[in-house]
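Visitor: Protein chains in written order, with the working numbering: chain W, 544 to 1086; chain R, -5 to 107.
Glycine is no exception: its CB is placed at the ideal position from the N, C-alpha and C atoms.
Here it is, the structure, as structure tokens.
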Amino acid sequence: MSMVALAQAGVVAQSKAEAEPLLNIAIFAVFVAITLVIVFRASRSTKTAVDYYAAGHSFTGAQNGIAISGDYLSAASFLGIAGAIAVYGYDGFLYSIGFLVAWLVALLLVAELLRNTGRYTMGDVLAFRMRQRPVRAAASVSTLAVSFFYLLAQMAGAGGLVALLLGVTGKGGQALVIGVVGLIMIVYVVIGGMRGTTWVQIIKATLLIAGALTMTIWVLALNGFNLSNLLGDAAAAAPKGEAILGPGLQYGATATSKLDFISLALALVLGTAGLPHILMRFYTVPTAKEARRSVIWAIALIGIFYLFTLVLGYGAGALVGSKDILAAPGGQNSAAPLLAFELGGTLLLGLIAAVAFATILAVVAGLTITASASFAHDIYANVIKKGEMDDKAQEVRVARITAFVIGALAIGGGIVALGQNIAFLVALAFAVAASANLPTIIYSLFWKKFNTQGALWSIYGGLIVCIGLIILSPAVSGKPTSMLKNADFDIFPLANPGLVSIPVAFFLGWLGTVLSKERNDAKYAEMEVRALTGVGAEKAVVH
Amino acid sequence: MSTSEQTKPGPGPDWESIDQSADFAVLRRRLRTFVFPMTAAFLGWYLLYVLLSAYAHEFMSTKVFGNINVGLIFGLLQFASTFLITWLYARHANRNLDPIADKIRSEIEGDAK
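Put into structure tokens, the structure is as follows:
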């Protein structure tokens, strides 16, 4: 195909895609059908709380590693990063690097110790040596907050994708599709529990990585497997030319935007190890050693995938062009699907779009089970019922009801967040996780003096400062790209609050601790021995 | 309490004396002397990359060969260092942490039974 033909194909991509909605829906329906069968099979061995929350601790490190990459490689990674690189070039690459390097925090400091000291949730770890009702309530509140922000991003992605594929540009039609996505996800979670959700993640991760690999090889083949040529083409097609190959296009304009870039980078690298749906995955394996293997697998798969997105992003910039990408119904988020159309026509577009849909569905399921587990296990069983509940089935019932409620909230929130860049929204979730969760987890695992007041100040302080700054930021009001276009209360200049809220949360954790007289040295000794050796940690459940 | 369900009834192990034992001190030191400096190192290396991307546009845009510039190489080196540190930690944990952790655990769990 000549360059002119390519350019024309880009313009008509949307209308062509509209012509084949049945194909797209059929491919997606096949995925849903297969995964539903697996989820129903998994439901047969989901009987107790440990099955529902942690899949009986029975997955291997490799399986869990693939599932982690399924949970982690969200629509933000695939659609958002590819779109950001296609339009802004190098600045989009930062997301990939931050998202990957962050895994070292999980590997070195968190995964194994967490597996040894908890059972289902982050609240378990904090409750080990602190007054459990207040810390469990706090852990659950922050888990729900992070999950909510993350869900918003995924749901917004679903809406954008549908806009592209079916040409549904009306709010009503997109809302309907978001509703369908939400319902399928609720079925996965309520019926399959953690075991069903994990299998969905494994299937989805395999499809996503295979799809991205295919497109990456295809793009490279068109350029004679020469990355330099691809970059040259991307620069030639970009409105700003070679500037797309260096940093600065998105964040380099002013001193404020540079600070915003650093703030984003900090939130990305410190957020991962505080993401509740990632933390919960460490409980699906039988031992800390398997948790370590999970992270090693995850780092390998996620790292390779982000190398693919570099090629896909610049490939979309070169072959589709940023003008057509921005003009498409899904905006930036449509870069990867449009590239698929350029390469393989409607069939590849349908396949890649179905994979992207599967991605959103699976991540939403992972978030929902985490949020429902946190509410049922921490707030219902241990705060409201004070841990004196004999009926574990009742706790699981509450978790299932919570999954319904969260699903409904996610559907509503997703409709509000339509059209935002998904990678950006996910970055906000990372900022909340890095502020409200990470300081407490690190202090709790490594600092003997850390106590209840420190944990509460750090979690609530981090959460309030972080969300408060987001509300006062240009992301919410005051700019044409804001969520509320007609309001103007953006007092805080940075779109990402991490640069302020993360240090504040660490400081509050320290201050709250030293101002409280509570000490629990004996409990810390027990926790440290258990954390480092795995004594008494729950083993796999055999059915 | 979640952990009480895991602990067997009756007097449990003497956690504080295990915590202060020579073996456990070795395990704790081997873990911390690896993970703390390594965390500082990779965070510093990442921060250097971020600061250069924010404030040294010209340097990062310098072409090395073809259209491959310093920034791209720097970014790919972040991938390489992440893979390297993962490998180093896995090796350290297998060789230096797991054997002593297993030993302490079997001593405690042997006691309890």
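Once DSSP output is grouped into helix, strand and coil, what is the label at W/V1072?
Guide: It is helical.
Visitor: Please check if any C-beta of chain W sits within less than 7 Å of the C-beta of R/R89.
Guide: Judged by the 7 Å Cβ criterion, R/R89 is not in contact with chain W.
Visitor: Compute the Euclidean distance between the alpha carbons of W/S1001 and W/Y986, then round it to the nearest angstrom.
Guide: Each residue's alpha carbon lies about 10 Å from the other.
Visitor: In three-state terms, what does DSSP make of R/N63?
Guide: Looking at R/N63 - three-state DSSP - the assignment turns out to be strand.
Visitor: To which residues of the same chain is W/S541 closer than 6 Å at the C-beta, ignoring the five residues directly before and after it?
Guide: Beyond the ends of chain W as shown, which are 544 and 1086, falls residue 541 of chain W; an answer cannot be given.
Visitor: Under 7 Å Cβ-Cβ, which residues of chain R neighbour W/E833?
Guide: None at all; the shortest Cβ gap to chain R is about 12 Å.
Visitor: Measuring only between beta-carbons, confirm whether W/K801 sits less than 7 Å from chain R.
Guide: Taking Cβ atoms only, chain R reaches closer than 7 Å to W/K801, which makes this a yes.
Visitor: Applying a beta-carbon distance threshold of less than 9 Å, which residues of chain W neighbour R/G38?
Guide: Correct list: empty, because the minimum Cβ distance to chain W is about 11 Å.
Visitor: For R/E103, which residues from the same chain have a beta carbon less than 8 Å from its beta carbon, with the 5 sequence-adjacent residues on both sides left out?
Guide: The answer is none, since no qualifying residue turns up.
Visitor: Taking W/V1078 as the query, report the chain R residues whose CB atoms sit under 7 Å from its CB, ordered along the chain.
Guide: In chain order: R99, I102, E103.
Visitor: Which runs of the alpha helix (DSSP H) at least 4 residues long sit entirely within the region 693 to 781 of chain W? Give them in chain order.
Guide: The region 693 to 781 of chain W contains these whole alpha helix (DSSP H) runs: 714 to 765, 770 to 780.
Visitor: Taking a cut of 9 Å between CB atoms, which residues from the region 865 to 889 of chain W lie near chain R?
Guide: Correct list: empty, as no residue qualifies.
Visitor: Pull up the DSSP beta-bridge partners for W/L1027, would you.
Guide: In DSSP, W/L1027 forms a bridge with W/S1020.
Visitor: Since W/A879 and W/I903 should fall inside the 8 Å C-beta cutoff, what is the C-beta to C-beta distance between them, to a whole number of angstroms?
Guide: In fact, because the Cβ distance is near 13 Å, the residues do not count as touching under 8 Å.
Visitor: When you compare only the Cα positions, how much space is there between W/E561 and W/I568?
Guide: Any reading at W/E561 must be qualified, since the residue scores a pLDDT of 47, below 50, and its modelled position is unreliable; the value itself is stated next. Each residue's alpha carbon lies about 11 Å from the other.
Visitor: From W/L610 to W/L622, what distance separates their C-alpha atoms?
Guide: One detail in the question is off: residue 610 of chain W reads as Ala in this sequence, not Leu. In a straight line, the C-alpha of W/A610 is about 19 Å away from that of W/L622.
Visitor: Please state whether DSSP places W/G553 in a helix, a strand or coil.
Guide: With a pLDDT of 44 at W/G553, under the threshold of 50, the predicted position of this residue should be treated as unreliable, though the coordinate-derived value follows. It is helical.
Visitor: Among W/T759, W/I944, W/D667, which has the Cα closest to the Cα of W/I734?
Guide: Looking at the Cα atoms, W/I944 is the closest of the given residues.
Visitor: So, does the CB of W/G775 fall closer than 7 Å to a CB anywhere in chain R?
Guide: Yes, its Cβ sits closer than 7 Å to a Cβ of chain R.
Visitor: Which one of W/L807, W/Y826, W/Q675, W/A960 has the shortest CA to CA distance from W/L657?
Guide: If we check each option's Cα against that of W/L657, W/Y826 comes out closest.
Visitor: Taking 7 Å as the cut-off, decide whether the C-beta atoms of W/V1084 and W/G599 are in contact.
Guide: In this structure, W/G599 lies closer than 7 Å to W/V1084 by Cβ.
Visitor: Out of W/T983, W/I839, W/V1019, W/H820, point me to the one whose CA is closest to W/A597's CA.
Guide: The residue with the shortest Cα to Cα distance from W/A597 is W/H820.
Visitor: Assuming contact is defined by CB atoms lying nearer than 7 Å, are W/V854 and W/T749 in contact in what I supplied?
Guide: No. Outside cutoff.
Visitor: With a threshold of 7 Å between beta carbons, is R/F53 in contact with chain W?
Guide: Closer than 7 Å: no.
Visitor: Considering only the beta carbon of each residue, do W/S865 and R/N61 sit closer than 7 Å?
Guide: No, they are not a contact pair.
Visitor: Taking Cβ-Cβ distances shorter than 8 Å, what residues in chain R pair up with W/L788?
Guide: Within chain R, the residues near W/L788 are S55, N61, N63, G65, L66.
Visitor: So, for W/V1078: in the same chain, excluding its five sequence neighbours on each side, which residues have a beta-carbon less than 7 Å away from its beta-carbon?
Guide: Excluding positions up to five away in sequence, the list reads V1072.
Visitor: Under 7 Å, CB to CB, which of the residues in the region 1058 to 1072 of chain W have a partner in chain C?
Guide: Absent from the structure: chain C. Protein chains present are W and R.
Visitor: Please report whether the beta-carbon of R/V58 lies at a distance below 7 Å from any beta-carbon of chain W.
Guide: No - not a single Cβ of chain W is within 7 Å of the one on R/V58.
Visitor: Three-state secondary structure (DSSP) at W/V1078?
Guide: W/V1078: coil per DSSP, three-state reduction.
Visitor: Note down the Cα distance separating W/G767 from W/I721, rounded to an integer number of angstroms.
Guide: Whole-angstrom Cα-Cα distance: 40 Å.
Visitor: Three or more beta-carbon pairs under 8 Å between the region 1040 to 1059 of chain W and the region 999 to 1019 of chain W, yes or no?
Guide: In short, these stretches touch, since the Cβ pair count reaches three.
Visitor: Near W/V926, what residues of its chain come up, given a Cβ to Cβ distance below 6 Å and the 5 sequence neighbours on each side ignored?
Guide: Closer than 6 Å at Cβ, skipping near neighbours: R676, R679, A680.
Visitor: Assuming W/V668 contacts W/I912 (C-beta within less than 8 Å), just tell me the rounded distance between them.
Guide: So it is not a contact: roughly 18 Å between Cβ atoms.
Visitor: Are the CB atoms of W/H920 and W/T664 nearer to each other than 7 Å?
Guide: Against a cut-off of 7 Å, the Cβ pair of W/T664 and W/H920 comes out as a contact.
Visitor: Three or more beta-carbon pairs under 8 Å between the region 835 to 851 of chain W and the region 687 to 699 of chain W, yes or no?
Guide: With a cut-off of 8 Å, the region 687 to 699 of chain W and the region 835 to 851 of chain W do not count as touching, because too few Cβ pairs lie within range.
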